[in-house]
Amino acid sequence: MGRTLYDKIWDEHVVRSEEDGTAVLYIDRHLVHEVTSPQAFEGLREAGRKVWRISSVVATADHNTPTTGWERGYDGIEDPISKQQVTTLDKNIAEFGAGAYFPFLNKRQGIVHVIGPEEGATLPGMTVVCGDSHTSTHGAFGALAHGIGTSEVEHVLATQTLLQRKAKNLLVQVDGKLAPGITAKDIVLAIIGKIGTAGGTGYTIEFAGSAIRGLTMEGRMTVCNMAIEAGARAGLVAPDETTFAYVKGKPLAPNGVEWDQAVTYWRTLFSDADAKFDAVVKLDASQIVPQVTWGTSPEMVTTVDGRVPDPDKEKDPNKRNAMERALTYMGLQPGKPMNDIFVDKVFIGSCTNSRIEDLRDAAAVVKKLGRKVASNVKAALVVPGSGVVKEQAEREGLDKIFQAAGFEWREPGCSMCLAMNADRLEPGERCASTSNRNFEGRQGAGGRTHLVSPAMAAAAAVHGHFVDIRAFA
Ligand SMILES: CC(C)[C@H](C(=O)O)[C@@H](O)C(=O)O
Ligand code: SF4
C-alpha cells in the first residue's frame, strides 16, 4: 500500500519500535533557543554528558532579545531575567558547542524558525526538533518537525533521538485560486476556523492542493507555523521545485554532487497516490476572505466583512460560555462590524509573518494607501524575523516606506508576539497582530490581540481600524 509523506519520513528515521507503539526516532536537526535550553544543558552538565552530534545543533537567542538599543550591547537588555537567559545560552554554547550559533547582536541572529530555513539548516526529509511549539513551521520544507519540551531537549542533545508515538495522517487540501490580497495567513486562519484548534489533535497534517502548491516558501511556512494552533504537532508540505529553489545556495545546504544526490532523494518525498489518510478536509481557496480573529483563540475567527458573533446564537453551552468570556476580555459587543474595530497598536512580525515577503506585502499596502499611521494608533512596529531579512528589506527600501509612514523599524526577535521582552501591550490595548496566538495576556497582561495577515495589519495601521484589503489589492 502507498505511504503518505509523513509515513515515509517517519519510516526513514525509526531506530527502534516498541510493541506499544512508541518509537525511537533519529533527529537530524536540533534548533535551540534561550528559553527552553538552560535546564537541558544543566542536566547534561550534572550527568557529565556531552552533546551527541554537535553539528546538528543550530542555536540563537530570540524570545528575550530587545528590538531597540542594540548600540548599547548587552546593556540594552533591561530585564535582568531576560539578560540572564541570553548570557546563559552564550555560556552553554561556548561549553557544549554547536554547528552554528547566532547570538544576540549577530547579523544573522533572528527568530529560530526564521533562521533555520534561511541558513539551510532545515532541509526536506529531515527530522527537525526545537524546544518550541512553532517548530511545525519547518514542515513547509517537507521536514518532519516537532516542538518538544525541555526534558526532551536534553534527551535529544544527549542521544540524538526522540521517543515518539506515530500520529495519524490528516490531509488538508486547499484547491482553487486565491482572490487578490488573500495570503497564506488567511488560508491557515480559515482552516483553523473550519476545523477548530483541536481539529488536528493526534494528527500530522499534510497541506496539499493547488493553492498550497502555488504558495512561496514563505507562505508555506506561515501555514505550517500555525499547524500547532490547529492542534497538530507537525504540519507538512511536500517539497517541490519551489522548495529546491529556495534551499539552493543557503549556507548549510548541500552543494555539488551532494546537492544532486539530495534533490534526487527529495523528489521521492510525496504522498503516494494510493496512500491512506485517516481524515481529509477540503477548502475552496477562491472562497477565502481576509480573516480577523475576534476572540481569545485562533479558532475564534471571522471575515473582515463579517461581524462579531453573538453567543446567544450558539447552542453548545460550553462554546457559548467561552464566547461570552472572550468577548468580555476583548471588550467587544456581538454584532459589531469587524471593520469598525479600532486598534491601539499594530505588530508586524513573529515567526508566522516576519519574512521578506510578509514585509513586502505590508509595505506595498502602506505605499498604495499613501497614508500615515492613524492618529489613534499609538505604535506600529515592524520587526523583521532575522538580521538577514532586515538587511534584505533595507536593500529594497522597505524600511524607508515604513518609517516615512510613521511605523517603527526594529531589530529582529520575537518582540511583541509574546510578553517576554520589552515590547508588549498595556492592559486594555487592542492590537492588530501578524503573530499566531491571541490568548488572554499573550501580548501583555490585559492586552487584546486580533490575528491578521501582514497586509491587513498594515491597512489597519494607516486606517486606525480593520479594513477589507480586497478593496485596493
Ligand atoms: C517560549 C516557547 C517555549 C514558546 C513555544 O513553545 O511556543 C513560545 O515560542 C510561544 O510561541 O509561545
Ligand atoms: S515569534 Fe512568537 S510564536 Fe514564534 S517562536 Fe517567538 S514567541 Fe514563539
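Numbering follows the UniProt record's numbering, with no gaps: position 454 of the sequence shown is 454.
Yeah, the Cβ is synthetic: ideal placement off N, Cα and C, and Gly gets one too.
Quick caveat: nothing in here was measured; it's all calculated off a predicted structure.
Which runs of the alpha helix (DSSP H), 4 residues or longer, sit entirely within the stretch 262-337?
You should have 317-330.
Is Ala461 closer than 9 Å to Val388 when the C-beta atoms are compared?
Here residue 388 refers to the residue found at position 388 of the sequence shown. Here residue 461 refers to the residue found at position 461 of the sequence shown. In terms of Cβ geometry, Val388 and Ala461 do not form a close pair [threshold 9 Å].
Can you tell me which of the three DSSP states Val223 falls into?
Position 223 of the sequence shown, counted from the first residue, corresponds to residue 223. Note: Val223 maps to helix in three-state DSSP.
Could you compute how far the alpha carbon of Trp52 sits from the alpha carbon of Ala121?
As a working mapping, residue 52 is identified with position 52 in the sequence shown. As a working mapping, residue 121 is identified with position 121 in the sequence shown. Looking at the two C-alpha atoms, the distance is approximately 18 Å.
Can you list the alpha helix (DSSP H) stretches of 4 or more residues lying completely in the stretch 335-372, in chain order?
356-369
Excluding five sequence neighbours on each side, which residues of the same chain lie with their C-beta closer than 7 Å to the C-beta of Thr216?
As a working mapping, residue 216 is identified with position 216 in the sequence shown. Around Thr216: Thr242, Glu357.
Can you tell me the Cβ-Cβ gap for Arg307 and Gly335, rounded? I've got them flagged as a contact below 8 Å.
Counting from one through the sequence shown, the residue named residue 307 turns up at place 307. Counting from one through the sequence shown, the residue named residue 335 turns up at place 335. Right, the Cβ-Cβ distance comes to about 5 Å (below 8 Å), so this counts as a contact.
Look up Asn169 in the DSSP assignment and give the residues it is bridged to.
Here residue 169 refers to the residue found at position 169 when the sequence shown is read from its first residue. Thr204, per the DSSP bridge assignment.
When you compare only the Cα positions, how much space is there between Val263 and Gly196?
Residue 263 sits at position 263 when you count from the first residue of the sequence shown. Residue 196 sits at position 196 when you count from the first residue of the sequence shown. Going from the Cα of Val263 to the Cα of Gly196 covers about 36 Å.
Can you tell me which residues form a DSSP beta bridge with Val128?
If you number the sequence shown from 1, residue 128 lands on position 128. In DSSP, Val128 forms a bridge with Arg29, Ala145.
So is Asn438 buried or exposed if we call it buried at 16+ other beta carbons inside 10 Å?
Your numbering for residue 438 matches position 438 in the sequence shown. Classification of Asn438: buried, given that the 10 Å Cβ count is 16 or more.
Looking only at its chain, what residues have a beta carbon closer than 7 Å to the beta carbon of Ser354, apart from the 5 residues adjacent to it on each side?
Mapped onto the sequence shown, residue 354 falls at position 354. Its chain contains Ile111, Val114, Val383, Pro384, Gly385, Val389 as the residues whose beta carbon lies nearer than 7 Å to that of Ser354, once the 5 sequence neighbours on both sides are disregarded; these appear in chain order.
At least 3 beta-carbon pairs within less than 8 Å: the stretch 311-327 vs the stretch 412-419:
At 8 Å Cβ cutoff, the stretches do not touch.
Neighbour-count burial assignment, Glu19, 16 or more Cβ in a 10 Å radius
Taking the first residue of the sequence shown as 1, we reach residue 19 at position 19. Exposed, since its Cβ has fewer than 16 Cβ neighbours within 10 Å.
From Ser37, Leu178, Asp240, pick the residue whose C-alpha is nearest to that of Val58; which is it?
Position 58 of the sequence shown, counting from 1, holds the residue named residue 58. Among Ser37, Leu178, Asp240, the Cα nearest to that of Val58 is on Ser37.
So for Cys414, helix, strand or coil by DSSP?
Taking the sequence shown and counting its residues from 1, the one referred to as residue 414 is at position 414. Cys414: coil per DSSP, three-state reduction.
Evaluate contact between the stretch 163-174 and the stretch 31-49, counting only Cβ atoms and requiring at least three cross-stretch pairs below 8 Å.
no
Go ahead and label Arg442 buried or exposed: buried means 16 or more other beta carbons lie within 10 angstroms of its beta carbon, across all protein chains shown.
Your numbering for residue 442 matches position 442 in the sequence shown. Buried: at least 16 other Cβ atoms inside 10 Å.
Is there contact here, the stretch 22-30 with the stretch 117-137, by at least three beta-carbon pairs under 8 Å?
Judged by Cβ distances under 8 Å, the stretch 22-30 makes contact with the stretch 117-137, as three or more pairs qualify.
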